[in-house]
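Scroll down for the structure; my scribbles are underneath it.
Residue numbers (my numbering): 2 to 250.
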């Protein structure tokens, strides 16, 4: 496996990344909230791309993994900036974008910013607008008051240590919502969603499918798959989805 490299962004953030050379379109993996580029899906898909001779990029957002900054200082907009800078500096030509959880939201933001670069998209338990529709909508009056008085709230997770959700993350998320206006995805898209996911609901997946517009868009619901979506059969489904949006491989 190639050694980790680092990209310095315009805002002096130091982003860790691994890039494999190969033919296009380049696969770009966008991870989830508090995930890093060493996760099962990212590493597996990189290995798979290498066996196909296909270019692949995975990286850590600021405040994640080996990148600089603290997670609690970050927000959706910061990680969107990181994505734009990584894609612009480290890739050329068409892209196949894979977004997992929060990375699904990032993939959709990337599509709004540079649709001409994207040849296809696969999302895994995509979580668009979760800061508003998930966190804010479920906060009690006491939690909302804590955002103002303390600046953050702490939320438990079924998949890792508790999340610290800041007022800045909530307020910035409101500027990045994608389910309130036209969301055109003019390329093949496959949304993958497990029915046993306790972090992102099947209702969210259906809402995204119904809201977005595009010429070739499908949602695959996988019985009993959880949010990780990283066992052998699920990884195979991701591979198949990538092949579909790439035109069969």
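The C-beta atom is built at its ideal place from N, Cα and C for all residues, glycine as well.
Please say whether residue 243 and residue 235 have beta carbons closer to each other than 8 Å?
no
Whole-angstrom distance between residue 183 and residue 45, CA atom to CA atom
33 Å
Do the stretch 71 to 86 and the stretch 11 to 28 touch if we need at least three Cβ pairs shorter than 8 Å?
yes
Measure the C-alpha to C-alpha separation of residue 194 and residue 181 and round it to an integer number of angstroms.
21 Å
Residues bridged to residue 27 by DSSP?
96
As assigned by DSSP and simplified to three states, the class of residue 176
coil
Nearest-angstrom Cα distance between residue 227 and residue 196?
7 Å
Please state whether DSSP places residue 164 in a helix, a strand or coil.
strand
Smallest Cα separation from residue 56: which of 245, 101, 21 and 96?
21
Tell me the DSSP secondary structure of residue 86 in three-state form.
helix
Starting from residue 211, trace the alpha helix (DSSP H) both ways and give me its first and last residue.
203 to 212
To the nearest angstrom, report how far apart residue 52 and residue 143 are at their CA atoms.
52 Å
Nonlocal neighbours in the same chain, by C-beta distance under 6 Å from residue 130, ignoring five residues either side:
178 and 180
Counting pairs of beta carbons, one from the stretch 202 to 218 and one from the stretch 161 to 175, are three or more of them closer than 8 Å?
no
Verify whether the separation of the beta carbon atoms of residue 5 and residue 19 is less than 8 Å.
yes
Going by DSSP in three states, residue 228 sits in which element: helix, strand or coil?
coil
Does DSSP put residue 153 in a helix, a strand or coil?
strand
Close-in-space but distant-in-sequence residues of the same chain around residue 203 (CB under 7 Å, 5 per side omitted):
194, 196 and 222
Excluding the 5 residues flanking residue 50 on each side, which residues of the same chain have their C-beta closer than 8 Å to its C-beta?
21, 23, 28, 56 and 57
Own chain, CB closer than 7 Å to residue 37, minus 5 neighbours either side, in chain order
61, 65 and 66
Do the stretch 116 to 134 and the stretch 150 to 157 touch if we need at least three Cβ pairs shorter than 8 Å?
no
Residue interval of the beta strand (DSSP E) (run including residue 113)
Looking at the DSSP string, residue 113 is not in any beta strand (DSSP E); the run it does join, the alpha helix (DSSP H), is 103 to 114.
Which residues bound the alpha helix (DSSP H) around residue 334?
Nothing about residue 334 can be reported from this structure: the residues present for the chain run from 2 to 250 only.
Here's a check: name, in chain order, each residue in its chain whose Cβ is nearer than 7 Å to the Cβ of residue 108, leaving out the five neighbours to either side.
31, 98, 100, 122 and 124
Give the straight-line distance between the Cα atoms of residue 87 and residue 7, rounded to the nearest whole angstrom.
10 Å
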